[in-house]
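Numbering (this note's numbering), first residue to last: 1 to 389. All C-beta atoms, glycine included, are put in the ideal place defined by N, C-alpha and C.
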Amino acid sequence: MSSFGDGPQPGQAYGLGGAAASARAYRFVEGEWLGPGPEGRIPVAVLGATGAVGQTFVRMLAGHPWFELAEVAASERSAGRPYGEVVRWLEGALPEDVAGMTVLPCDPGVLRSRIVFSALDAAAAGPIEPAFARAGALVFSNAKNQRMEPDVPLLIPEVNASHLDVLVAQRRVRGWTGGIVTNANCAATAAALALAPLHEAFGLDRVFLMTMQAVSGAGYPGVPSLDILGNVIPYIADEEPKIERELPKMLGTVDGDAIIPAPFIVSAQANRVPVEHGHMVCAAIALQRRASVQDCLEVLRAWRGDACARNLPGAPAAPLIVVDEPDRPQARRDVTAGNGMSVVVGRVRPDPILDVRLVALGHNTVRGAAGCSLLNAELFVSRGSLDDT
Ligand SMILES: NC(=O)c1ccc[n+]([C@@H]2O[C@H](COP(=O)([O-])OP(=O)(O)OC[C@H]3O[C@@H](n4cnc5c(N)ncnc54)[C@H](OP(=O)(O)O)[C@@H]3O)[C@@H](O)[C@H]2O)c1
Numbered sequence: 001m002s003s004f005g006d007g008p009q010p011g012q013a014y015g016l017g018g019a020a021a022s023a024r025a026y027r028f029v030e031g032e033w034l035g036p037g038p039e040g041r042i043p044v045a046v047l048g049a050t051g052a053v054g055q056t057f058v059r060m061l062a063g064h065p066w067f068e069l070a071e072v073a074a075s076e077r078s079a080g081r082p083y084g085e086v087v088r089w090l091e092g093a094l095p096e097d098v099a100g101m102t103v104l105p106c107d108p109g110v111l112r113s114r115i116v117f118s119a120l121d122a123a124a125a126g127p128i129e130p131a132f133a134r135a136g137a138l139v140f141s142n143a144k145n146q147r148m149e150p151d152v153p154l155l156i157p158e159v160n161a162s163h164l165d166v167l168v169a170q171r172r173v174r175g176w177t178g179g180i181v182t183n184a185n186c187a188a189t190a191a192a193l194a195l196a197p198l199h200e201a202f203g204l205d206r207v208f209l210m211t212m213q214a215v216s217g218a219g220y221p222g223v224p225s226l227d228i229l230g231n232v233i234p235y236i237a238d239e240e241p242k243i244e245r246e247l248p249k250m251l252g253t254v255d256g257d258a259i260i261p262a263p264f265i266v267s268a269q270a271n272r273v274p275v276e277h278g279h280m281v282c283a284a285i286a287l288q289r290r291a292s293v294q295d296c297l298e299v300l301r302a303w304r305g306d307a308c309a310r311n312l313p314g315a316p317a318a319p320l321i322v323v324d325e326p327d328r329p330q331a332r333r334d335v336t337a338g339n340g341m342s343v344v345v346g347r348v349r350p351d352p353i354l355d356v357r358l359v360a361l362g363h364n365t366v367r368g369a370a371g372c373s374l375l376n377a378e379l380f381v382s383r384g385s386l387d388d389t
């Protein structure tokens, strides 16, 4: 999925003041950094490149105007072999130039890219991601391990771009020359985008969430087909606590060196459903300040997110799309809105117990994982932060 317009290369102004203009591209030859590459793109690596999220990175990096996929890495099972031979490619055509790349081990002594996207599962990410950060890489992670650390951004550029500021303290306190920036659980990301406008306008007090989550959320090969075909499974290991704690952190505030979670309570119930892509979130919400459904709809429709995220190459035209049809959003029809980067919200209506309820849908491997990581890295580069590391 290559979804980029005629945006500028890093080093050219991107309507972001001086920030993007100060970004530089780098290349390496035989381990030596040689400064701006011939195409001006920044070489990047993907850890866990063979998995469901890793493949989404590979697809989304094809034709990226700022980043060039230079290295793919996975487990020892895959390392040393051509990517095209070890990957069980799931969607569309595997880019030819990537098929021939040799899969590397996830070893910071071997990989050279300073921007590293991690699609590792949690067991592997635990030791590997900090090792890369220590060695000077900026790791944009999808794993749960570091998400709740107060000095680790849990970033959605449209929602909480200022959380990137704690990276300075993270690197100072941990003595890292690199750093770790995370994105949230895929269902929590869809919920955060739908709830952020209401939190900004009226304050969230209590949120009750019920999710219906696609099978691709479990990675590959994921849930056995005989368990999920024609079925709904009312349990996804560890999912509910992740949603309950990550949402308040994402909508929290920066206080000095730490991110302080917003003081609202979340109750989540997660279900696996036989859908390929797209996590649906049904939410009932109590607000701190009184607001009618009409007030909520106006706020949701008008919301564009933080201005600093708007012109990034991977940013959708609208991070939130509000639909009026009573039977939308639907995974099959709406999951690719904004190239999978928009969250689609519908059924905004009064709630007889709390104040208002709505349904939100987000693409789990795109907006909920690889696409969000890419946007986080674009925000980082647009600030000129790569030059500070
Ligand atoms: N799927 C989603 O919608 C989604 C959304 C948000 C976040 N996430 C998170 O993103 C991460 C990846 O999820 P996924 O669904 O893509 O999982 P997946 O399909 O199971 O892929 C896991 C990847 O990790 C690699 N790996 C496993 N053990 C390793 C080791 N010891 N050393 C190095 N590499 C190792 C695998 O390489 P081999 O092929 O060589 O085994 C594979 O590339 C997880 O942390 C997940 O929680 C997933």
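Setting aside the 5 residues that flank it on each side, alanine 196 is surrounded in the same chain by Val159 and Leu251, each with a C-beta closer than 7 Å to its C-beta; the list follows chain order.
Using a Cβ distance threshold of 8 Å, tryptophan 66 and proline 313 count as a contacting pair.
The Cβ atoms of alanine 377 and isoleucine 115 lie closer than 8 Å to each other. Separation of serine 162 and aspartate 227 (C-alpha to C-alpha, rounded to the nearest whole angstrom) is 42 Å. Counting only residues of its own chain and dropping the five nearest sequence neighbours on each side, valine 53 has a CB closer than 6 Å to the CB of Ala119, Asn142, Thr365, Ala369 and Ala370. When the beta-carbon positions are compared, alanine 318 and isoleucine 243 stay at least 8 Å from each other. For aspartate 255, the enclosing beta strand (DSSP E) has its first and last residue at 253 to 255. Assignment of valine 103 by DSSP, reduced to helix, strand and coil, places it in the coil class. The C-alpha of alanine 201 is placed about 13 Å away from the C-alpha of valine 293. Looking at the backbone, the Cα of valine 215 and that of tyrosine 235 are separated by about 12 Å.
In the structure shown, methionine 250 falls within a helical segment according to DSSP collapsed to helix, strand and coil. Within the DSSP secondary-structure output, alanine 79 pairs in no beta bridge. Per the C-alpha coordinates, the member of Gly109, Gln330 and Ala122 positioned closest to glycine 219 is Ala122. The DSSP assignment places complete alpha helix (DSSP H) segments of no fewer than 4 residues inside the stretch 182 to 224 at 186 to 202, in order along the chain. Arg272 is the residue among Glu246, Ala137, Arg206 and Arg272 whose C-alpha sits nearest the C-alpha of leucine 229.
Proximity to proline 150 across Arg290, Pro157 and Asp165 peaks at Asp165, based on C-alpha coordinates. As for any beta strand (DSSP E) of minimum length 3 sitting wholly inside the stretch 343 to 377, the runs are 343 to 350 and 356 to 362, ordered along the chain. Here the distance from the Cβ of glycine 219 to the nearest heavy atom of ligand 1 is below 7 Å. Alanine 73 sits close to cysteine 106, with the two beta carbons spaced by under 8 Å.
Secondary structure at methionine 341: coil, using DSSP grouped into helix, strand and coil. No heavy atom of ligand 1 is found nearer than 7 Å to the CB of serine 373. Here serine 78 has Thr50, Val86 and Val103 as same chain residues with Cβ atoms under 7 Å from its own Cβ, once five neighbours each way along the sequence are excluded. Contact between valine 335 and glycine 278 holds, with the beta-carbon distance rounding to 4 Å and staying under 8 Å.
Per DSSP, the beta bridge partners of methionine 280 are Met212 and Leu361.
As computed with DSSP, glutamate 68 is found in a beta bridge with Pro43. In this structure, DSSP gives valine 139 an extended state, which the three-state scheme calls strand.
Relative to ligand 1, the beta carbon of serine 225 is positioned no closer than 7 Å to any heavy atom. About 6 Å separates the beta carbon of isoleucine 156 from that of cysteine 372, a gap short enough to meet the 8 Å contact definition. Within the same chain, and ignoring the five residues on either side of glycine 84 in sequence, the residues whose Cβ sits closer than 7 Å to its Cβ are Leu94, Ala99 and Gly100. In this structure leucine 209 touches valine 266 by the C-beta definition: roughly 6 Å separates them, less than 8 Å. Taking 8 Å as the cut-off, the beta carbon of proline 43 is found closer than this to the beta carbon of glutamate 68. Per DSSP, glutamine 55 is one residue of the alpha helix (DSSP H) stretching across 52 to 61. Note on geometry: alpha-carbon atoms of valine 356 and leucine 300 lie some 13 Å from one another.
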